[in-house]
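Protein chains in written order, with the working numbering: chain D, 1 to 173; chain B, 1001 to 1173.
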DNA sequence: TCGCGAATGTATACACTGCGCACATTAGGA
DNA sequence: TCCTAATGTGCGCAGTGTATACATTCGCGA
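Right, dumping it as structure tokens:
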């Protein structure tokens, strides 16, 4: 738990746990919408521009690790949702709360491994294969369109609920 | 008029229509999946790295213009589709045929103007507002998930058809 | 025909970026 | 205690977006 609390004055040569500190810094940059660069991540972690390369093969590797964390969080939240409609709400809310992270997660071929667990959770709630794909595509489409500002709407949560009800409920009987 | 053989291979100083040549070059790069850079576009158009700035404010402007062209093409194809199911097929097919362009179109806030026309066509086929949003989100979600490789599938067109039928048909009665 | 201003391309330069390489510093086991 | 591997730093390279100054050419009025 307790982070490595080193006084900034005499910072030691060795950063306590740079690996996770880099992840945290990268996440912050993403959330703040700042232009993302490995150097910026290193800067924020208070470390030289090349230090990250001791822990991650390259920029892609850092990003992929970050995407993995994202899927873990999303999976946790989805698992806690009581029913399909709630899951839809959780999914879209996650996307809107963490736009950068969400985009990263889905724009990365490498993230497919981390993604598997999330997909499993999603699949477990709908038995019919066609409906499973449909429900997921519907919710993912809503999330992406909202993120990209193609679906202007004051209350996204309500939009998701009514859309899911209107489209999915009839299909599932 | 005398053939002032300029440094670069006898081409005249003034490129005929650089504005559209740049768009074409940029499109090629996107389609080929090459790493996209303004300099690469200029190189492919056979022109100096800074020439594009005479025609486009900055890289964003070129990309936005490109996205606009993309929406025009998509709108044309959608307009020619006879019914909703066909439109869905066209939409996803376009995304899969032009992955780079499609991603560009939707990842760009500036492209909202060009996108308006496309949205209008999409909206004109479904009267109920909730279903309209739902249908569009469903199809867009399918396109994006297929593009990102989250939906492995040998025959995307069939997948789209069965999904649309399974989900949308019951909802529309 | 001349000539001049406006378009259009080029050259040069700067601040960034991702990343490779050599080196400095440190931790932890023998 | 000393040695070795792990970890961080410095420096350098190629490539990027973009600003500025310059060269070339076209179009148009005289």
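From the three backbone atoms N, C-alpha and C, an ideal C-beta is built for every residue, glycine too.
(message) Which residues in chain D have a C-beta closer than 7 Å to the C-beta of residue 1170/B? List them in chain order.
(response) 170 and 171
(message) Quick check on residue 1034/B: does DSSP put it in helix, strand or coil?
(response) coil
(message) According to DSSP, simplified to helix, strand and coil, what is residue 1050/B?
(response) coil
(request) Check each candidate in 1079/B, 1019/B, 1080/B and 1043/B and name the one with the smallest Cα separation from residue 1065/B. (result) 1019/B
(request) Would you tell me roughly how many angstroms separate the C-alpha atoms of residue 52/D and residue 1169/B, rounded to the nearest one? (result) 52 Å
(request) Give me the Cβ distance between residue 131/D and residue 166/D, rounded to the nearest whole Å; I'm assuming they're in contact under 8 Å. (result) The Cβ separation is near 15 Å, so there is no contact.
(message) So, at 6 Å on beta carbons, what are the nonlocal neighbours of residue 7/D in its own chain, with the 5 sequence-adjacent residues on each side left out?
(response) Note on residue 7/D: pLDDT 32, under 50, position unreliable in the model; the coordinate value appears next. Counting only Cβ-Cβ distances below 6 Å, and skipping sequence neighbours, we find nothing.
(request) Give me the Cα-Cα distance between residue 1041/B and residue 1105/B, rounded to the nearest whole angstrom. (result) Their Cα atoms are separated by approximately 18 Å.
(request) Measure the Cβ-Cβ separation of residue 1023/B and residue 140/D and say whether it is below 7 Å. (result) no
(message) If you reduce the DSSP assignment to three classes, tell me which class residue 1134/B lands in.
(response) helix
(request) Return the residue from the list 149/D, 71/D, 115/D and 96/D that minimises the CA-CA distance to residue 1113/B. (result) 149/D
(request) For chain B, find out if any of its Cβ atoms is closer than 7 Å to the Cβ of residue 98/D; answer yes or no. (result) no
(message) Between 1103/B, 1100/B and 1122/B, which has its C-alpha nearest residue 1080/B's C-alpha?
(response) Closest in C-alpha terms to residue 1080/B, from the list 1103/B, 1100/B and 1122/B, comes 1122/B.
(message) I'd like the span of the alpha helix (DSSP H) that includes residue 82/D, first residue to last.
(response) Per DSSP, residue 82/D belongs to no alpha helix (DSSP H) and is neither H nor E.
(request) State the DSSP-derived secondary structure class of residue 1122/B, mapped to helix, strand or coil. (result) The DSSP-derived three-state label of residue 1122/B is helix.
(request) Name the residue from 156/D, 157/D, 133/D and 74/D whose alpha carbon lies nearest to the alpha carbon of residue 118/D. (result) 74/D is the residue among 156/D, 157/D, 133/D and 74/D whose C-alpha sits nearest the C-alpha of residue 118/D.
(request) Would you kindly work out how many angstroms separate the C-alpha atoms of residue 1044/B and residue 1061/B, rounded to a whole number? (result) 18 Å
(request) Give a yes or no on whether 7 Å exceeds the smallest Cβ distance from residue 1117/B to chain D. (result) no
(request) Measure the CB-CB distance between residue 89/D and residue 157/D and report whether it falls below 7 Å. (result) Taking 7 Å as the Cβ cut-off, residue 89/D and residue 157/D qualify as a contacting pair.
(request) Establish whether the CB of residue 106/D and some CB of chain B are separated by less than 7 Å. (result) yes
(request) Taking only beta carbons into account, state which residues of the region 1109-1142 of chain B come closer than 8 Å to chain D, listed in chain order. (result) 1109, 1112, 1115, 1119, 1128, 1130, 1131, 1133, 1134, 1135, 1136, 1137, 1138, 1139, 1140, 1141 and 1142
(message) Please confirm whether residue 148/D has its beta-carbon closer than 7 Å to some beta-carbon of chain B.
(response) It does; some Cβ of chain B falls within 7 Å.
(message) Distance cutoff 7 Å, beta carbons only. Does residue 1041/B sit that close to anything in chain D?
(response) no
(message) I'd like to know whether the C-beta of residue 1162/B is nearer than 7 Å to at least one C-beta of chain D.
(response) Chain D contact via Cβ: present.
(request) Please name the residue, chosen from 28/D, 27/D, 163/D and 125/D, that lies closest to residue 78/D on a Cα-to-Cα basis. (result) 125/D
(request) Report the rounded CA-to-CA distance for residue 1135/B versus residue 1127/B, giving the unit in angstroms. (result) 11 Å
(request) With DSSP as the reference, label residue 1098/B as helix, strand or coil. (result) coil
(request) Could you tell me the boundaries of the alpha helix (DSSP H) in which residue 1157/B lies? (result) That run of the alpha helix (DSSP H) goes 1156-1172.
(request) Kindly indicate if chain B contains any beta-carbon less than 7 Å away from that of residue 88/D. (result) no
(message) If distances are taken between C-alpha atoms only, which option among 137/D, 96/D, 91/D and 57/D comes closest to residue 72/D?
(response) Closest option to residue 72/D, Cα to Cα, is 91/D.
(message) If distances are taken between C-alpha atoms only, which option among 1137/B, 1067/B, 1026/B and 1097/B comes closest to residue 1107/B?
(response) 1067/B
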